[in-house]
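Note sheet for the following structure.
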Amino acid sequence: MEPKIADPRRWMALAVLLTGTLLPPLDFFIVNVALPAIRTDLRASAGDSQLVVSVYAAAYAVTLILGGRLGDIYGRKRVFIFGMIGFGIASAVCGFAPSPAVLVAGRLLQGVAAAIMGPQSLASIHAIFPAEEKNRALSFYGATFGLASVAGQLLGGVLVSADLFGMGWRSVFLINLPVILLAIPAASFLLKENRAERSAILDIPGAVLLAAGLLAFILPLIEGRENHWPWWCRILLITSVPLLLAFWHYERNIESKGASSLIYPSLFMKSRLRKNLAAAFFFYALASFFLIFAVYEQGALGRDTLAIGLTILPLGVGFFLGPWCNPFIVSRLGSRTAAFGMIIEVIGLIFITVFSLKGSTSYLFLPLFLIGLGQGIAIPALVRLNVDQVDPRFSGLAAGLVSATFQISAAVFVALIGGLFFTLAPYGASAGEIQFAFGIATAAIGISLGVAAVLCWNDKRELT
1 MEPKIADPRR
11 WMALAVLLTG
21 TLLPPLDFFI
31 VNVALPAIRT
41 DLRASAGDSQ
51 LVVSVYAAAY
61 AVTLILGGRL
71 GDIYGRKRVF
81 IFGMIGFGIA
91 SAVCGFAPSP
101 AVLVAGRLLQ
111 GVAAAIMGPQ
121 SLASIHAIFP
131 AEEKNRALSF
141 YGATFGLASV
151 AGQLLGGVLV
161 SADLFGMGWR
171 SVFLINLPVI
181 LLAIPAASFL
191 LKENRAERSA
201 ILDIPGAVLL
211 AAGLLAFILP
221 LIEGRENHWP
231 WWCRILLITS
241 VPLLLAFWHY
251 ERNIESKGAS
261 SLIYPSLFMK
271 SRLRKNLAAA
281 FFFYALASFF
291 LIFAVYEQGA
301 LGRDTLAIGL
311 TILPLGVGFF
321 LGPWCNPFIV
331 SRLGSRTAAF
341 GMIIEVIGLI
351 FITVFSLKGS
361 TSYLFLPLFL
371 IGLGQGIAIP
381 ALVRLNVDQV
391 DPRFSGLAAG
401 LVSATFQISA
411 AVFVALIGGL
421 FFTLAPYGAS
431 AGEIQFAFGI
441 ATAAIGISLG
451 VAAVLCWNDK
461 RELT
């Protein structure tokens, strides 16, 4: 239940909560840069290297909704600290891993811990801040998310190159430890416990069914393209349908009996929630842009990893600045702020599509900045559009739903847009073919964001 009197330490508490927002995406992006060094040092195969990334992404996506519900039931402060401890242990396992198998196991634990820790940040913001301060608090949330996305790629390159204390690639994991060692006592002191249902119990059968269904759906999307869609990927995708249907019917049944449910299907009777979650799904198609942009920069323009990181920096600057514009825009556009941010992104993507199809490579600064700015404006507003549809006692569930939708969208669109791109520009393609494929794939991302903007534009509620 939202407190009647705002916590006087809420802004200091926000700084601690934002570490739970920063670490999960940071550790996804930072590892990509370190993969070549990991392969060399641990003599890892290409498959092992891919698992280092995909196991984390899959574990994170599959357990986000469960992580949100754990906070609702057992207390968001307690679960946040527990998740942070688990993330620290997992980071140490990864940082001191003697073999690829241990590293992959550490990444699996890291993904689960991130999914337990992450939703508590957003849920707690929803619970502890009064309505008039939520937009400002969510601006910090959006800026932190944007900072993590860009800083991960730059920081990874810097840490591996600097080779601090001879740690090499291990430093990209061990850098988490001092952050967590500071954050845990701060969380213990500054955060107040808040929870929803003291008498509720965790819906374990529902959690197992959902995890199995999502894993069967997401894992093939992550692994399929790189492995040329082997039989097991196709079987898992087919299996995911009955598993997810069984989960849905089970949840409806136990909710009708008045028992504690994992997701409460009745919440989805709200058409606004369904529309806003659909908007979140189409919105996060932009995740595929980072994959195709890196291939475009390397294959068509011949740039190295550091140059790619510097080239995409305007997007990161825009992503960081966008959330600070959010309260100002909300005061004028209300709930249409999310759609406005997406329109800015579409404009940037149109420019990039035109430039790439014409073979021009010198004018990417402004379009990339517009994409980042629009993303930064849209994310806090879109998150609030979804979370505000749910009673505060279910804010952990809402946070998990939004975050899981983003992750599922990323997996789907990386598979779809990546598949389109690599079909048009297969291995050995010329620079001209890669440029053409990049333009078409960017246009497809723009269309998806346009759909998301239309879904959001019809929501005319005021956001104070």
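Going left to right, the sequence shown walks through residues 1 to 464 as UniProt numbering numbers them. Using N, Cα and C, we set each Cβ at its ideal position, and we do this for glycine too.
Taking every protein chain shown into account, the CB of E345 has 16 or more other CB atoms within 10 angstroms, so this residue is buried. Taking a contact as a CB-CB distance under 8 Å, the pair G376 and A90 does not count as one, their CB atoms being some 29 Å apart. For the pair of segments examined, the segment 122–140 was found not to touch the segment 30–46: the number of CB pairs separated by less than 8 Å stays below three.
The Cβ atoms of V451 and F282 lie closer than 7 Å to each other. For H228, the secondary structure class from DSSP, reduced to helix, strand or coil, is coil. Under the three-state reduction of DSSP, S331 is assigned to helix. Contact between F293 and I312 holds, since their C-beta atoms are separated by about 7 Å, short of 8 Å. Straight-line spacing of the CA atoms in H126 and S395 works out to 7 Å. By the neighbour-count definition (other C-beta atoms within 10 Å, threshold 16), F365 is an exposed residue. Residues of the same chain with a CB within less than 7 Å of the CB of W324, apart from the 5 flanking positions on each side, are S139 and A143 in chain order. Of the candidates V52, G47, M12 and L215, the residue whose Cα lies closest to the Cα of I65 is L215. Under the 10 Å beta carbon count, K77 is surrounded by 16 or more other beta carbons and is classified as buried. DSSP places Y264 outside both helix and strand once states are collapsed to three, so it counts as coil. The Cβ atoms of F351 and P314 do not sit closer than 7 Å to each other. If you ignore the 5 residues before and after F421, its C-beta comes within less than 6 Å of the C-beta of I292, A437 and A441, all in its own chain and listed in chain order.
Ranking M342, A444 and P392 by CA distance to the CA of L416 puts A444 first. In the DSSP assignment, E223 falls within the unbroken alpha helix (DSSP H) covering I204 to E223. In the three-state scheme derived from DSSP, where H, G and I count as helix and E and B as strand, I201 is classed as coil. Non-local C-beta neighbours of S240 in its own chain, meaning closer than 7 Å and more than five positions away in sequence, comprise G213, A216 and F217, ordered along the chain. For the pair M84 and I184, the CB atoms are nearer than the 7 Å cut-off.
When the five nearest sequence neighbours on each side are left out, the beta carbons in the same chain lying within less than 6 Å of the beta carbon of I371 are those of L315, E345 and G348, in order along the chain. Rounded to the nearest whole angstrom, the C-alpha separation of T337 and L401 is 21 Å. Spanning the alpha carbons of P119 and K257 requires a straight line of approximately 27 Å. With a beta-carbon spacing of about 14 Å, L382 and V390 fall beyond the 8 Å limit used to define contacts.
With respect to the 7 Å criterion, A339 and W457 are classified as neighbours on the basis of their beta carbons.
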